[in-house]
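Protein chains: 2
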Amino acid sequence: MNKLTPLGRKQPISKALRLHGTIARDLGTAIMSGVYQPGDLLTGEVASSERLEVSRTAYREAIRILAAKGLVESKPKVGTKVSSRDKWHLLDPDVLAWAFENEPDLDLLNSLFELRNIVESAAAALAATRRSEMHLKKMQHAIRGMARFTLATEAGRQADQDFHTALLQATENPFIASLTTGVNAAVNTTTVFKQRNRPLPRDPVPDHMRVFEAVAAKNAAGAQKAMSELIQLARLDTPTPKRSPARRARRRRDHI
Amino acid sequence: MNKLTPLGRKQPISKALRLHGTIARDLGTAIMSGVYQPGDLLTGEVASSERLEVSRTAYREAIRILAAKGLVESKPKVGTKVSSRDKWHLLDPDVLAWAFENEPDLDLLNSLFELRNIVESAAAALAATRRSEMHLKKMQHAIRGMARFTLATEAGRQADQDFHTALLQATENPFIASLTTGVNAAVNTTTVFKQRNRPLPRDPVPDHMRVFEAVAAKNAAGAQKAMSELIQLARLDTPTPKRSPARRARRRRDHI
DNA sequence: GCATCCAAAAAATCAGACAAATGAAAGAAA
DNA sequence: TTTCTTTCATTTGTCTGATTTTTTGGATGC
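As given, the protein sequences belong to chains A and B, one line each in that order. With the numbering used here, the residue at position 110 of the first sequence is 203, and numbering never jumps. With the numbering used here, the residue at position 117 of the second sequence is 210, and numbering never jumps.
Below, the structure is given as structure tokens:
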């Protein structure tokens, strides 16, 4: 019947997910939020599938998904256990989303911004040397879109995405593109809900324009600097942007 | 429809892999090597499982693995199709291994070294500011191991790994650590077999020592520079280290 | 002590069925 | 004709229940 306009979103969870997908997401968020710790042994397939009231098939496929992302390992006779943290594919888009689904760990968010700053500013430098006219056109179009609609609208955020996508395409490096799109998606989820707290955080257009002009001028160092500043400013729009003075409060229980 | 792709590899190369694991690996390498192109529709589950002489369950679990890594998407009625390249999780360790399993694409290898240079040299700079005495001890021990055994032995390669692992731990950034370990594992697979061509490529100890000394002296810029040089030298040990003069020969068919 | 064999437990695999989703064709209404 | 609705067929999705394989730990024997 009604094809669109889900005004009151009851379940923000994507309904497009199948049963095994939802189980994987639930278990994944449980692992990333610490409900299950590395080394913990999950209950057996039969018991788990009965508790979740799903078939063993669906549960097993969910476990395969988690295993593919390095979160769990299963062996006959011993069972399925949560892998140690160094096995986790932390940069997998789904794992990233699960890690920041609830209340994001601020240390983790800082680490993610640190990586983003490193990679995307270097990407800007590469783009400055390799960009074509097509890339410049796309970036320019995106900046105009960000100016017309603001970041408060879906169209404006899409334009912001388009800008970064075009810049990454210009690097001609598929790994950098793959990495950055996933990281930015995760960062954006933590940034979105700021919009309903404060009216408008800042105007992102000038920052992007500086990056664009440096890339257009084939000024690698300038592009790198401008992108780094852009990311630093974006960090201000995330929860508690200040660097926690004692960031050493880390988890130390990697095994067991 | 009939692609006539005889994946007739029945023997599991690595014994630890289960049936679904081997199927996922075979299909994954077929996708990464271009046997199946983005947009291609895989044969249905019943037909595929019959052709491979496995149960539908095992085949489906393999598909779930590939879907978890962004390589395929399945929908009822339409089937399972290879996703467009921008959906692929290129930095997933398995995907990386599959991409470089056969004869690695040299452009791709160059892109991977480019990313490695960006991230790991930045990691060295971070490590120089955050390292503890424990990290220094580990790195020193690893360097001694590299000196005693050479890279021609398994123990020597393990020591090399240990050095980089200790440096990544010193960054206190789990994302950088997760990224780099996966990338280095993939790079090493392309580097290993050089050992049976040439006797000994070079002595890696001085390069690592320079990195270590800069990190120990908390010299961030020096550590970054030393690590970058180390990676550039490591690139010389990979197939055709010279930069191809015309690296623009790229795939242009990203959609469809 | 040490190696070998045995048994239990859990995942792994199999077989066959039914359910749900979806794209396209067929039909009805404008 | 065009557009909307309905039906239908196809493919993945889910379920049930069984058998097989792998692995661990202990019993056995030397």
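C-beta: ideal position from N, C-alpha, C; glycine also.
B/G238 and B/K170 have their alpha carbons spaced roughly 57 angstroms apart. Counting only runs that start and end inside the stretch 254-325 of chain B, the alpha helix (DSSP H) elements of at least 4 residues fall at 267-285 and 298-309. Taking A/V280 as reference, the option from A/L205, A/P297 and A/L244 with the minimal CA-CA separation is A/L205.
Its chain contains L272, G275 and V276 as the residues whose beta carbon lies nearer than 8 angstroms to that of A/L184, once the 5 sequence neighbours on both sides are disregarded; these appear in chain order. Here DSSP, grouped into helix, strand and coil, assigns A/E146 to coil. Under DSSP, A/L229 forms no beta bridge with any residue. With its beta carbon less than 8 angstroms from one in chain B, A/H113 belongs to the interface.
Partner residues in the beta bridge of A/S167, as assigned by DSSP, are A/T173.
Contact of B/F193 with chain A by beta-carbon distance below 7 angstroms is absent, the smallest such distance being about 12 angstroms.
A check of alpha carbon separations from A/D119 across A/A155, A/E265 and A/A218 identifies A/A155 as the nearest. B/F268 has a beta carbon lying within less than 8 angstroms of a beta carbon in chain A. The residue among B/S167, B/L110, B/V298 and B/F305 with its C-alpha nearest the C-alpha of B/A263 is B/F305.
A/I269 is positioned such that its CB atom lies closer than 8 angstroms to that of A/L261. Under the 8 angstroms criterion on CB atoms, B/A279 is classed as non-interfacial with respect to chain A.
Residue nearest to A/G172 within the set A/R157, A/L134, A/F193 and A/M227 is A/L134 (criterion: CA-CA distance). The C-alpha of B/L208 is placed about 29 angstroms away from the C-alpha of B/T115. Listed along chain B are I211 and V212, each with a C-beta nearer than 7 angstroms to that of A/V212. In the DSSP annotation of this structure, A/P131 is not part of any alpha helix (DSSP H), being labelled neither H nor E. Fewer than three beta-carbon pairs drawn from the stretch 240-247 of chain B and the stretch 303-321 of chain A are found closer than 8 angstroms, and the two stretches are therefore not classed as touching. At a Cβ-Cβ threshold of 8 angstroms, B/V175 and B/L164 count as neighbours. For B/H182, at least one C-beta of chain A is nearer than 8 angstroms to its own C-beta. One alpha carbon belongs to B/D255, the other to B/K231, and they sit about 8 angstroms apart.
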